[in-house]
Amino acid sequence: MKLKILLRPALLAVMVCCVGCATLGESGGFLTNINLLSTSEEVQLGQRFAVEVEKQEPVHPDAELQAYVREIGARLAGVSPRQDVAHTFTVIDAPDTVNAFALPGGYTYYYTGLMKICESEAELAAVMAHELAHVAARHHGEMITRQMGMEAISSIILGENPGAAAGIVSQLFSSGVAARFSRMQEREADQLGMDILYRAGYQPEAMITFMQKLLEYDRQRGGGQHSLPIFATHPSPEERVQLLQTIIQRYPVEMRRQRQIGAERYQAQALAKVQ
Ligand SMILES: [Zn+2]
């Protein structure tokens with residue numbers, strides 16, 4: 031039991047919902063994150079968690095769908111400022127779960143319930159770019175070392191406690207808790223994410239329209255107080271839309287218009303398969 035108590039905060043650290051995370055404090059610091067994990071430690075930790083996630087969550091069986099999402103991911107990862115990890119992109123077959131998250135070391139997961147809300151390739155790419163931005167800005171290292179401590183991290187990396195990674199992941203899925211990045215880290219992920227999206231050739235407006243669709247989805251389900259777990263968040267989704275509307279001004283309108291939306295392609299390659 032002691033171990034469980036020790037590790038519980040860690041589950042809050044390892045998973046990141048794409049559109050919202052509660053605030054743990056402001057120590058993240060905009061563009062001044064402290065990272066205490068080496069890339070190799072981050073990747074090893076991510077590998078341990080990824081094995082457990084894929085045991086506990088249903089990976090979508092459609093190889094073409096997985097390949098399509100990987101292709102979008104590779105396009106985004108190609109322009110990410112972080113090139114020292116092998117990014118992976120996996121679709122989870124859970125049509126009622128509106129979520130996406132990144133593990134340390136570049137492992138990212140997208141639920142079909144979230145994919146159903148997207149209406150274009152650019153909107154899914156916007157979610158993916160936000161997750162890649164958390165990875166690129168090394169938010170996990172800072173968060174995990176702050177919450178778990180190096181001793182617990184080392185024990186998982188070294189495989190000294192085989193049940194620990196499994197326990198963290200199963201607690202995450204049973205409690206439905208989204209991870210806790212700081213307010214500053216979420217803002218940074220939105221800002222850097224929009225830049226990745228734009229440089230990969232997608233219309234950056236997609237990040238805003240996706241966020242608005244998510245708000246609308248929540249409203250339709252009677253969630254006046256943001257009932258979706260992913261809205262248990264600071265900053266609020268409305269605040270994030272406002273921030274994105276400011277950030278987007280950096281990109282010239284005529285350049286934005288030339289970029290891709292990919293609604294038809296998304297319909298054929300993804301929406302037809304995730305209903
Ligand atoms: Zn986030």
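Under our numbering, read the sequence shown as residues 31 to 305, first letter to last. Glycine included, every Cβ here is placed at the ideal spot set by N, Cα and C. Keep in mind the model is a prediction, meaning the values are calculated, not measured.
Cα-Cα, which of the options is closest to residue i?
i: Gly197; options: Lys85, Leu66 and Ser70; result: Lys85
i: Gly189; options: Met214, Ser70 and Gln74; result: Gln74
i: Arg105; options: Phe211, Gln305, Val304 and Gln290; result: Gln290
i: Ile278; options: Asp220, Val199 and Tyr140; result: Asp220
i: Leu95; options: Ile122, Tyr247 and Gln288; result: Ile122
i: Tyr296; options: Ser212, Arg213 and Thr142; result: Thr142
i: Ala300; options: Ala166, Glu101 and Gln113; result: Glu101
i: Arg280; options: Ala293, Pro88, Val304 and Gln233; result: Gln233
i: Thr127; options: Val115, Leu144, His117 and Ala93; result: Leu144
Around the C-beta of residue i, are 16 or more other C-beta atoms found within 10 angstroms, so that it is buried, or is it exposed?
i: Glu72; result: buried
i: Ala97; result: exposed
i: Arg251; result: exposed
i: Gln177; result: buried
i: Met237; result: buried
i: Gly223; result: buried
i: Asp248; result: buried
i: Ser266; result: exposed
i: Glu215; result: It should be noted that the sequence gives Gln, not Glu, for residue 215. Answer is buried; the Cβ neighbour count reaches 16.
Could you compute how far the alpha carbon of residue i sits from the alpha carbon of residue j?
i: Ile226; j: Ser110; result: 6 Å
i: Pro192; j: Ile186; result: 7 Å
i: Glu235; j: Ala302; result: 24 Å
i: Phe79; j: Ala195; result: 6 Å
i: Ala155; j: Gln77; result: 23 Å
i: Glu149; j: Glu181; result: 44 Å
i: Gly55; j: His170; result: Interpretation of Gly55 is limited by its pLDDT of 32, a score under 50 that renders its predicted location unreliable; the figure taken from the coordinates is listed afterwards. Rounded to the nearest angstrom, the two C-alpha atoms are 15 Å apart.
i: Met285; j: Glu246; result: 28 Å
i: Phe119; j: Pro282; result: 30 Å
i: Glu269; j: Phe211; result: 16 Å
i: Ala293; j: Ser70; result: 38 Å
Per the contact definition of three or more C-beta pairs closer than 8 Å, is the region 156 to 170 in contact with the region 133 to 140? Between the region 133 to 140 and the region 156 to 170 there are three or more inter-stretch CB-CB distances shorter than 8 Å, so the stretches are counted as touching.
Take every Cβ of the region 229 to 244, pair it with every Cβ of the region 273 to 282, and state whether three or more of those distances are shorter than 8 Å. yes
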